[in-house]
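K.L.:
Numbering (this note's numbering), first residue to last: 1250 to 1722.
Every residue gets a Cβ at the ideal spot worked out from N, C-alpha and C, and that includes glycine.
On a predicted model such as this, the values are computed, not experimentally measured, just so you know.
Sharing a structure here in C-alpha cells format.
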C-alpha cells in the first residue's frame, strides 16, 4: 500500500499506550513496536521518511497494513511487544537466535529430602530455581560436579528411592547419601541442601564459614569421620573457587553489553555476587541490517530478565536506551524492589563494561568463524525427497515422530527435527503419553501430534514449537 494511504489512516489509531504491528502483502508481521502513544509513534514514521534510517525506509516500503493492540500502561505494552516478537520473529525486529527455553537448576525445597534437578520449566511447585544457563551440556556437567561435593539425590519422585529397599549406584560412587535407606537424617540432609543453595547464590564465603563451623562441631562431638568428610568438602570447594579478583564495589550486580556483526550480534552478561564474578553468559541475536547497539540491548534485556530467577538491584549497561524508564519500572515490579539501570562513564564500573563488551566481541568472532568453517549441507538428498513426494517446496524442516514403550507401559513419544538435512538436537522433544491406556501406537501418535500443533493453533507456541514443519514423518 502507498505510504500516503497508510498515513491517512493513522488518525484512526488510538492515542493511548499499546503495541503496533506493521504487516506486508501476505499479512505477515514484519515489524512490531510499542509506544506510550500509539498514534504519535506510528505517525512519526510518516512525517518525513528522509530522516529515517535506511533500514526503517526499507521497512516502510514493505508495509501494507497496520494493526494495533491497546494496553493499560507502558509496562504492559513492553511485555506484549516482547512476547509478540518472540512468537512471530518479524523480519525487521531483533530476536534471540535460539529462543527455546533455557535450562535451570531446581532444588525441590518442599520435599523432606529435596532433589537437585535439571529443568526447562518454571512450574515445579515449591522449587527454588537458579539460572538461566546458556548451555544444557555445561549445566548437566555442573550438576554432576556439585553432587560430587554435595551428595544429594536426583531420583524421580517426592520420596527417595525406587522401592527396591537398596541404594542406587549414586550412593556407591559418593554422589548421594541414600536417604532412601535411612543412611542420613532430615536435619543433616537439610544442612547439605542449604550449603548447595549458598553456593548457587554465589555466597561461597558464607558457605566456607558454615562448613568450618560444622567441621568443628563434629570434632567436638568426636564424630571424626563426619568431620573429615566436611574437611574434604572444604578443600574441594577451595580448589574449585581458586583465587578470584574481588571488585571494590561489592554487592550483587550484573553488567551487560552487545557487540554487533553482519546479521548477527552477541549479547554478554557478567553476573557479580558479593563482588566476585559469579558467571558469564553469552547469547546470539538475529538482527536486521542497520540494527544498532541500543535496539539489540533493549530487546536482550527484556528477553534475559523475563524469566530470570534473580534480578540484582543494579544492572550496568554500555549506553542509554530508549526504554530506560519502562525497563526500570518493569524490572522493579518483577523483583519487588527498586532496580536501577546505570551507564558507567569512568572508573572500575566502566572498565567492567569494557571487559564485558570485549568478551562479546570475542564470542561473536568465534561463532562467525565456527559457522564459516562448518561443512555445507548437501541439499541433493532434500531435493530428491521433494521430487519423490511431489512437493512444491523443499522440505527444509522435517519433524519425525515415534512411540516407545516397555511391554505396553511407560509410553513416550519422541520428536526428532532435521533442518536443511541436518539433525537439530536442540529442537528434539519428548512427550509422556497421558490419555492412552495400553498399547495403541496410533492413538499415542495422535495425542503427540495434537499436543505439538495445538500450541500453534491457540497461539501459545514458543521456541521450537513456533515453527511449522515442511514435512512430518
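1) Which same chain residues, not among the five before or five after residue 1494, have their C-beta less than 8 Å away from its C-beta?
2) Quick check: what's the CA-CA separation for residue 1354 versus residue 1485?
3) Following the continuous alpha helix (DSSP H) through residue 1425, name the residue where it begins and the one where it ends.
4) Nearest-angstrom Cα distance between residue 1479 and residue 1437?
5) Can you give me the C-alpha to C-alpha distance between residue 1510 and residue 1570, rounded to a whole angstrom?
6) Residue 1599 to residue 1332, Cα distance in whole Å?
7) For the beta strand (DSSP E) containing residue 1331, list its first residue and its last residue.
8) With a cut-off of 8 Å, do at least 3 Cβ pairs link the segment 1597-1612 to the segment 1572-1587?
9) Using only the alpha-carbon positions, how far apart do residue 1316 and residue 1544 sit?
10) What residues match up with residue 1454 in a beta bridge as DSSP calls it?
11) Under 8 Å, with one C-beta from each stretch per pair, do the segment 1530-1549 and the segment 1284-1292 reach the 3-pair mark?
12) Apply the 10 Å Cβ neighbour rule to residue 1334 and answer buried if 16 or more other Cβ atoms are within range, or exposed otherwise.
13) Can you list the beta strand (DSSP E) stretches of 3 or more residues lying completely in the segment 1576-1616, in chain order?
14) According to the Cβ coordinates, are residue 1669 and residue 1684 closer than 8 Å?
15) Should residue 1603 and residue 1531 be called a contact, given that it needs their Cβ atoms to be closer than 8 Å?
16) May I have the straight-line CA-CA distance separating residue 1705 from residue 1699, to the nearest angstrom?
17) Return the chain-ordered ranges of every beta strand (DSSP E) run that is complete within the segment 1538-1573 and spans a minimum of 3 residues.
18) Determine the extent of the beta strand (DSSP E) in which residue 1679 is found, giving its start and end residues.
19) With a CB to CB cut of under 6 Å and the five nearest residues on each side skipped, what residues in its chain are close to residue 1383?
20) Taking just the CA atoms, how far does residue 1680 sit from residue 1666?
P.N.:
If we stick to the structure as given:
1) Low confidence applies to residue 1494: its pLDDT is 48, below 50, so where it sits in the model is not reliable enough to give any reading.
2) The straight-line gap from Cα to Cα measures roughly 21 Å.
3) Residue 1425: not part of any alpha helix (DSSP H); DSSP gives it neither H nor E.
4) The alpha-carbon atoms of residue 1479 and residue 1437 are separated by roughly 12 Å.
5) C-alpha separation (whole angstroms): 19 Å.
6) Straight-line Cα distance between these residues: approximately 32 Å.
7) That residue, residue 1331, is in no beta strand (DSSP E); its alpha helix (DSSP H) goes 1323-1337.
8) Counting Cβ pairs under 8 Å, fewer than three are found: no touch.
9) Taken atom to atom, the span from the alpha-carbon of residue 1316 to that of residue 1544 is near 22 Å.
10) Partner(s): none; residue 1454 has no beta bridge.
11) Between the segment 1530-1549 and the segment 1284-1292 there are fewer than three C-beta pairs closer than 8 Å, too few to call the two in contact.
12) With 16 or more Cβ atoms within 10 Å of its Cβ, residue 1334 is classed as buried.
13) Taking only runs of at least 3 residues, the beta strand (DSSP E) segments lying wholly in the segment 1576-1616 are 1589-1591.
14) For residue 1669 and residue 1684, no; Cβs fall outside 8 Å.
15) No, the pair does not count as a contact, with Cβ atoms beyond the cut-off.
16) If you draw a straight line from the Cα of residue 1705 to the Cα of residue 1699, it is about 10 Å long.
17) If we require 3 residues or more, the beta strand (DSSP E) runs fully inside the segment 1538-1573 come out as 1563-1566.
18) Taken as a continuous stretch (DSSP letters only), the beta strand (DSSP E) holding residue 1679 covers 1678-1681.
19) Cβ contact annotation for residue 1383 (same chain, cutoff 6 Å, sequence separation greater than five): 1530, in chain order.
20) Cα to Cα, residue 1666 sits roughly 14 Å from residue 1680.
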